[in-house]
Amino acid sequence: MKPFASSRFPLARTRAAALVTGTAFVGSGILASCGDAGSDPRPKTGMPQHGVRDSAGISIAENPRRVSDSRLGWTVGTEPLISIGTAEATQDFQLHGVEDATRLADGRIVVANGGSNELLVFDTTGQYLAAWGGDGEGPGEFTDLNRVRPWAKDSLIADDPEQGRISAFDLEGNHGWTVSLRSRSGVTGIVASGIQAMRGMMGLAMSPDVVIGILPDRTLFTRDAEFWRTQGFWRQEHAYALRTIDGDTRASLGKHPGPETFSGGSETRGNTVYFFPLRHPFGQTTHTTVWGDLAAIGRTETYEIKAYRSDGSLARIVRRDYEPRTPTQAEQDVALRRRVARFAEERRAGAAEVAANMPLVDAFPAFAGTVGDALGYLWIAEFELPGEEVEGTLWTIFDREGRVLGLVETPEGLTIFEIGEDYILAKVTDALDIEYVRLWRLNRSE
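All the letters of the sequence shown, read from the start, carry residue numbers 8 to 453 under the working numbering.
This is how it looks when you write it as structure tokens:
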């Protein structure tokens, strides 16, 4: 039996875990998003009271569930405007291990290509221009590149959690500065990592934090990346915080649980025992995103998002009507068979063994992911219940105050990195595991 990786909703993956001389390493994929903290007043009535109200300085938006045909006029192009990637290796680049991408003001696209530890730059038509950084430990080099984000109007930052540092580049690719924060062996500070990094981080107890996103005032929204469990049904709790670029904690946002995961099976190689964690297809988790100037956190046990200012104060609570339903064993079996079938042939036996012993959960998640866009709207992905699947991903769109506007559908299989005013930038992986970074037109017609 060999280690395997589970499929992930646009942003999550599962890795094999290793137990070495008593120290546990577990990999598990998540779609970054989370929630809790602060006062939480509700109307004293059994009936929902829809609308936006203020309670002790906290804006609370209560929303009804929209029917499936409540579509906004917004549409996503049926074909991408730009497609980056190829099934054939080229002299210049091959996309592999893409963790993030961003579009510059001039239309160029910068891709954090983890496989080569390079920032790959493409023009407005998707043609390769240059590679910045590279593999190494020198200034502006990376050993674990997994994030790239605009930092100021004339620069961007990329991070390397393995070395515990953030590097800045100007828009021509010149390295400007590197800040050492915390490596995997460190004990203080933080390391910037992907917003949707959403890598299920495999590492030691002293592994670095990851950055979920950057608020407009340059406050870093982070969570730790520690994992402990290797056997059975479990959830890892993560500590969330708002920090400065120097690693100082501005505010703690508490601990919130990650995805429900089942680990089973094992393989011994020398003095190392490998376990096989598999994320539950209907398991609860926590989702986070930057929403305008707020850090948003939401647990999927309920349909509720809490959003915090950069000083850690609770600014907004957004809720939508939600009726939990318990999955059946038959529904879980079908979901797991579909997932196992997507694994490489050499990994299917191990995945099937773990899946066969996976327990049921109490209820389906209330939602499946969160993304804040460039105009301050909040996108919440609907969790697809068995029998209610759509071709792509269905999103409920909330305005800046937390009111539901309607539904929008995006193409299937997107790992969304960025939603701009008129575009969506995302990764797609095909049946042969070839990665592509693509840009779709977003039309926000009312």
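Every residue, glycine too, gets a C-beta built ideally from N, C-alpha and C.
* Asked: Touch check for the region 343 to 359 and the region 295 to 311: three-plus C-beta pairs under 8 Å?
  -> Output reads no: the region 295 to 311 does not touch the region 343 to 359.
* Asked: Are there 16 or more other CB atoms within 10 angstroms of the CB of P288, so buried, or fewer, so exposed?
  -> buried
* Simplified DSSP state of V74, which is helix, strand or coil -> coil
* Proximity to T292 [Cα-Cα], best of E408, G376 and G141 -> G376
* Asked: For G271, which residues of its own chain have a beta-carbon under 6 Å away from its beta-carbon, when the five flanking residues on both sides are left out?
  -> Closer than 6 Å at the Cβ level, and outside the excluded window around G271, lie V361 and N364.
* To do: For the region 417 to 442, list the alpha helix (DSSP H) runs that are entirely contained and at least 4 residues long, ordered along the chain.
  => none
* **Rounded straight-line distance, which links the Cα of T295 to that of P331** => 21 Å
* Asked: Relative to the ligand FAD, is the shortest distance from any of its heavy atoms to the C-beta of H103 smaller than 7 Å?
  -> Among the ligands in the structure shown, none appear at all, so the ligand FAD cannot be discussed.
* To do: Grab the span of the alpha helix (DSSP H) containing R344 for me, first residue to last.
  => Q336 to A348
* Taking E428 as the reference, which of G114, A63, I173 and G147 has the closest Cα? -> For the set G114, A63, I173 and G147, the Cα lying nearest the Cα of E428 is the one of G114.
* Could you say which of V325, I324 and L260 lies nearest to D318 if we only look at CA atoms? => Of the listed residues, the one whose Cα sits closest to D318 is L260.
* To do: Just confirm the distance between the C-beta atoms of A68 and R410, as a whole number of angstroms; I'd bet it's less than 8 Å.
  => 6 Å
* To do: Round the Cβ separation of L154 and A119 to the nearest angstrom and send it over; I've been treating them as touching at under 8 Å.
  => The sequence as given places Arg at residue 154; Leu does not occur at that position. The Cβ separation is near 6 Å, so the contact holds.
* Cα-Cα, which of G84, R72, D61 and R60 is closest to R448? -> G84
* Asked: Helix, strand or coil: which one does DSSP assign to V397?
  -> Coil at V397, not helix or strand.
* Identify whether E330 lies in helix, strand or coil by the three-state DSSP scheme. => coil
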